[in-house]
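Top line first, the protein sequences correspond to chains R and L.
Under our numbering, the first residue of the first sequence carries the number 22, and numbering increases by one thereafter.
Under our numbering, the first residue of the second sequence carries the number 11, and numbering increases by one thereafter.
Every residue gets a Cβ at the ideal spot worked out from N, C-alpha and C, and that includes glycine.
Source: prediction; values computed, not measured.
In what follows, a structure is listed as structure tokens, so that the remarks can point back to it.
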Amino acid sequence: MDNDLYKLQRTALDEIQQAESKMALENLRVKFLGKAGAISRLSENMRKLPKEDRPHTGKLLNEIRNAVTAALESRLDTIEAEGTAQILSDIDETLPGTRFRVGGLHPLTLLQDQAVRTFRRLGFALADGPDIETEWHCFDALNTPANHPARNDSDTFYLPDGRLLRSHTSSVQIRTMGAQKPPVRVIGPGAAYRRDEIDATHLNQFNQLEGLYVDRDVSVADLKGTLEYFVRELLGHEVQTRLRPHFFPFTEPSFELDIRLQAIQGGKWMELLGCGMVHPAVFEEINAKRGDSAYDPEDWTGFAFGMGLERLAMSLFGLPDIRLLIENDQRFLAQFAR
Amino acid sequence: MKVSLNWLKEMLPLTRSVPEIVEALTFAGIEVEGVQQPSALFEKVIVAQIESFEPHPNADRLSVCRVNDGSGLPRQVVCGAKNFRAGDKVPLALPGALLPDGVKIQAGKLRGVESEGMLCSSRELKVAEDAAGLLILPREAPLGAPLSDIYPPDTLLEIEVTPNRPDLLSHYGIARDLSALLNLPPAKVPEISAISERVREDPGVVKLEAPEGCPFYIARVIRGIRVGPSPGWLRQKLEAAGLRSINNVIDVTNFVLLELGQPLHAFDLANIRGGIIVRMANPGERLLALDEKEYELHPDDLVIADHERALAIAGVMGGQQSGVATTTIDILLEAAYFNPGFIRRTSRRLGLISESSFRFERGVDPGAVMPASCRAMDLVLEVGGGKADESVVIGGSILPWNRVVEMRPERCNKLLGVKVPDSAQLLARLGLKHAGENRWRVPSYRQDLAREADLIEEVCRMAGIQKIPSRLFGSATESSPSDRAYDDLMQLRQRLVGLGLFEARSLALMDERDLEYTMEPTSNALRLRNPLTEDQKVLRPSLVPGLVRAAERNLNRGSSSVAIFEIGRVFKVATQEESVSLAVLVCGERQSKSWNQGATTFDLFDLKGILKAALSRDLIFFREQPTSFAPLLCGMIDGEGNSIGKIGQLRPSLAKEIGARNPVLVTEVTIAPSANLKRFRYRALDRFPAVARDVAFLADKELKYQSVLDAFGSANEPLLVDVQLFDLFVDPSGEKVPMNKKSIACSLTYRATDRTLTQEEANAAHSRLKSQLVERLGVALRE
């Protein structure tokens, strides 16, 4: 009996070892372990054995059942592993990946956000104002003479009610100081409008970044340090800067900041932004409007600046035509999505 | 403005190199836009005389000239100009000469006739812009002399003067500032002989009827002048500065303008009837100006008139009829001060900007009117002869200039952020006179210096900005609502980009005719009073028209799909005039055909999905009345029941018009500013497993899916946590599903928060929901 059992085990293990497929293994499982299988049948036959032999044979049968089960499982793992290996080796890893749509931010948004993040690092908060402004906010409060050419119908867009589309974001300075007491440390990104013909280098609407810092003892040295930091952060440490005296009605002294970088216009000095110390007349106008003396020019000084983003984008990205920035050609936009 | 360095050197011992001068000007706030050195390239260009000329045998437009080049040997040159006479002296470029424009002169045949060199125009030599013909040189120019003797090597600086500095609009003005900047001796004032100091008022000769526009007028009469060509030195100075020589009298007025910055005008005395009246123009009055155009004047325009008619547009341009011509014998020389505002208004209105108006509208030095008048008289007598009347007639007067401004050195140091110990010396160099402690008397030519900050700027300019250190320091700032709004919008942008969309940016001014390209068509947009072009008359009330135009551009350029969004301001005739809006447009391939996925095109549900993912909130959509723009149009409300925008599909014919072969879907949503800081709260994660059960049923074709959701909702089944539609089927043939029905299959998820659901519990809940469906919607369950 024992011999028969051992022989059965050997046969089963041999056959399992030679099985080549899951199907063959399943057949073997049925053949040996199934209800009508060889081992089951032997178990049935146990009743015919003498009582004293039964424990021994039972134990043996159990061992054989376990061994066959283990062999089946092990062989199945092997067959599966071989199958998977085949499937994996059949994969052509050079096939293209699934295509997902990739979008992108507009280059002006990228540039603006980079500038915003830089000033935020310095502790500037954001400020805002309407595109449709009063003449007071856009000109009067900014110390612009009543007969200044910028106020002309030929230069600025007006609404029938006498309000206008702000010709610069400097009106945000006025909005901010009208609403809060000093100290003030804000930047205001936004749109400005000029009544210009649209061509390869002009738009009648453009994006500016306005800045204002009013505190006790703010000086030209602060203006210089802040703007130099900003330019370095934006364009890298190779960039050179210089301040040139200039004229704006709402700052005194006024300057223009020029930059020089090999990557921009071949290293020629390029005007980047206008800036200056807030004109005391602006503070006085704000105080009159506020009805207090929160911005007493004897106590508070400040600097302001305004930068156009389109010109910088054109130089920085090498755009031949400013209109690329408003055409929204997806091939153009995709170039900035990397 | 063009500035000649040679001219400056006549006033100032200027020994610095050109780059040093350019840098000094640049850092003083005087922008140098260009540097020209015309006569550097005059090699082999000499003075020659045309002895005779005859027509070219083979070319009507050419002449063959016999030229004396001073060598004694005759020279033949073919020439295309017509403006010369025999005996004229002209520049001759000899073979081998290189002209400033790069042309190399060679001897050779022109249409078969030998030509040994070239006779040059002023433009070819870059000495002036005028190209009316050959440059006719002064009679006294020595034959054979190098042209550079006549036009000595000069450097011309193209200077941009800021509007606050009219004192720099002359050579003397620039010399005065340079002398201060470079610490040179004071610029030399030209010697002015005060021939007639007898000044009288005579309303019969000069009457000021608009003293606000013209407070001061000087009329000098010079009789017996010989009007003719100007001497070489005068022409050369004008031409260097870019002006054309006309005749000696007019040239003198222009010379003084370039020299001292005071515009002048000369009238032919014979054409003045009665005397001069400075008045406002009469309505409808017309004037033929020197530019040969007729202008219709306005009662806002200041004119110089005689007793019968307007003679000149004051400060802007003289009249054709009263101007100085070769027949003129006696002149009236005008020097005046005009109110800048008046001149600017007229100049803008007429679109007429002249050298005069440019200076008057910025403000000339009131103290220089009389000296300039004398200077011009001297020069007219010098170059035109004649005799000046004994007395000068003036009208009005100039208020005495007496401005004193305080500048505290410590305030200056504080504002500049650097100690400037010699600020007083710097101000003195600029011509300010010390008038007691910290007080400075401002000269009349510096009307821009009105208060302390202006003087501090002067100190900064003189001391040099390079001396100011850089400082980086500041207090912390509280974030503002604008900060939160900015962050929200950037996050929204990033999400949309993550969903595969490109950000577009369009102009806020749009074509009125495009107003129909919106989901809320309106003709009530905010309009400009003074649009520049027909296609930009209104402010956009919606971002959709801009995206439609952008889509059109992309499709016409061959793009197979468009997926763009814009976040920007829109403008409405409403109390809330400006608001921020998000618009999305998708059209065409969502996925292009690929080896592992089929091609799909964008549809309404893609756009719904994009909105939901981008805004991360549940929106309820309801059908609205179709419009001609969007025959499929839905409104959207958010969870709080606020209407937030619309979504729709473009009219097919319109889609076709913009080049789309697939449906064009658009949506626009108003973005409310987020008032508060965004806060997150943790909610316990589900701990017990969920049980899923499907339900399939046949419903009327018209049944909206929202009704199915509502039916589930109305059951108030606490165990139901999710419903997903996974199959929707209609069969137009009616075979599998009757034609008026549709088959809907949903997967329902059940879960309890406090225990593992038993199969029995899940089944019971599922049966309740199924019967709810049947009861409320009358659908037929498919088992």
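query: Please tell me whether L/CYS224 has its Cβ less than 8 Å away from any Cβ of chain R.; result: no
query: Taking 8 Å as the cut-off, decide whether the C-beta atoms of L/VAL583 and L/LEU617 are in contact.; result: no
query: Can you look up L/SER516 in the DSSP assignment and give me helix, strand or coil?; result: coil
query: Indicate whether the contact test is met: 3 or more Cβ pairs, each with one atom in the region 203-210 of chain R and one in the region 226-240 of chain R, closer than 8 Å.; result: yes
query: In chain order, what residues of the same chain have a beta carbon less than 7 Å from the beta carbon of L/ARG71, not counting five sequence neighbours either side?; result: GLY90
query: Is the Cβ of L/PRO479 closer than 8 Å to any Cβ of chain R?; result: yes
query: Does DSSP classify R/THR247 as helix, strand or coil?; result: helix
query: Would you report the Cα separation of L/LEU735 and L/PRO728, rounded to the nearest angstrom?; result: 20 Å
query: Ordered along the chain, which non-local residues of its own chain (more than five positions away) have a Cβ less than 6 Å from that of R/GLU292?; result: GLU277, ASP279
query: Indicate whether R/SER188 and R/ALA167 have their beta-carbon atoms separated by less than 8 Å.; result: no
query: Under 8 Å between the Cβ atoms of L/SER724 and R/GLY144?; result: no
query: Under 9 Å between beta-carbons, which chain R residues line up against L/GLN457? List them in chain order, please.; result: Residues of chain R passing the Cβ test: none, with the nearest at roughly 12 Å.
query: Quick check: L/ASN566 and L/VAL572, are their CB atoms within less than 8 Å of each other?; result: no
query: Label L/TYR692 either buried or exposed according to how many other C-beta atoms from any shown protein chain fall within 10 Å of its C-beta, with 16 as the threshold for buried.; result: exposed
query: Quick check: what's the CA-CA separation for L/PHE612 versus L/ILE574?; result: 12 Å
query: If you compare alpha carbons, which of L/PRO641, L/ARG550, L/THR585, L/PRO673 is closest to L/THR610?; result: L/PRO673
query: Which residue's Cα is closest to the Cα of L/ILE475: R/HIS267, R/ASP220, R/PHE304, R/TYR27?; result: R/HIS267
query: Can you list, in chain order, the residues of its chain whose CB lies under 6 Å from that of R/ARG50, leaving out five sequence neighbours each side?; result: LEU93
query: Does the distance from the C-beta atom of R/ILE307 to that of R/ALA162 stay below 8 Å?; result: yes
query: Within this structure, are the beta carbons of L/PRO163 and L/LEU135 separated by less than 8 Å?; result: no
query: Taking the continuous beta strand (DSSP E) assigned at L/VAL334, which residues delimit it?; result: Segment: none, L/VAL334 is in no beta strand (DSSP E) and carries neither H nor E.
query: Looking only at its own chain, which residues have a Cβ that is under 7 Å from the Cβ of L/PHE352, when we skip the five neighbours before and after it?; result: GLY223, LEU312
query: Looking at chain R, which residues of the region 606-638 of chain L have a Cβ within less than 7 Å of any of its Cβ atoms?; result: ASN606, GLN607
query: May I ask you to report which of helix, strand or coil DSSP gives R/GLU154?; result: strand
query: Quick one, which residues of the region 288-305 of chain R are near chain L if we go by CB-CB under 7 Å, in chain order?; result: MET298, HIS300, PRO301
query: Given this structure, state the Cα-to-Cα distance separating R/PRO210 from R/ASN228, to the nearest angstrom.; result: 7 Å
query: How would you label L/LEU83, buried or exposed, when you count the other beta carbons within 10 angstroms and need 16 or more for buried?; result: exposed
query: Indicate the three-state DSSP secondary structure (helix, strand or coil) for L/ILE353 in the structure shown.; result: helix
query: Output the residue ranges of the alpha helix (DSSP H) runs that lie fully inside the region 43-116 of chain R and measure 4 residues or longer, sorted by chain position.; result: 43-54, 59-66, 75-111
query: As a quick exercise: from R/PHE160, R/THR78, R/ASP149, pick the residue whose alpha carbon is nearest that of R/THR197.; result: R/ASP149
query: Return the CA-CA distance between R/PRO181 and L/ASN540, expressed in angstroms with no decimal places.; result: 8 Å
query: Reducing DSSP to helix, strand and coil, say where L/ILE798 ends up.; result: The structure shown has nothing for residue 798 of chain L, since chain L only spans 11 to 793.
query: From this set, R/ALA358, R/ARG344, R/GLN356, R/PHE357, which residue's C-alpha is nearest L/ALA560's C-alpha?; result: R/ARG344
query: Quick one: residues in its chain with C-beta nearer than 6 Å to the C-beta of L/LEU425, no 5 flanking neighbours on either side, listed in chain order?; result: ILE466
query: Suppose the cutoff is 7 Å on Cβ atoms and the five residues either side in sequence are ignored; what does the same chain contact list for L/LEU713 look like?; result: LEU787
query: Once DSSP output is grouped into helix, strand and coil, what is the label at L/LYS547?; result: coil
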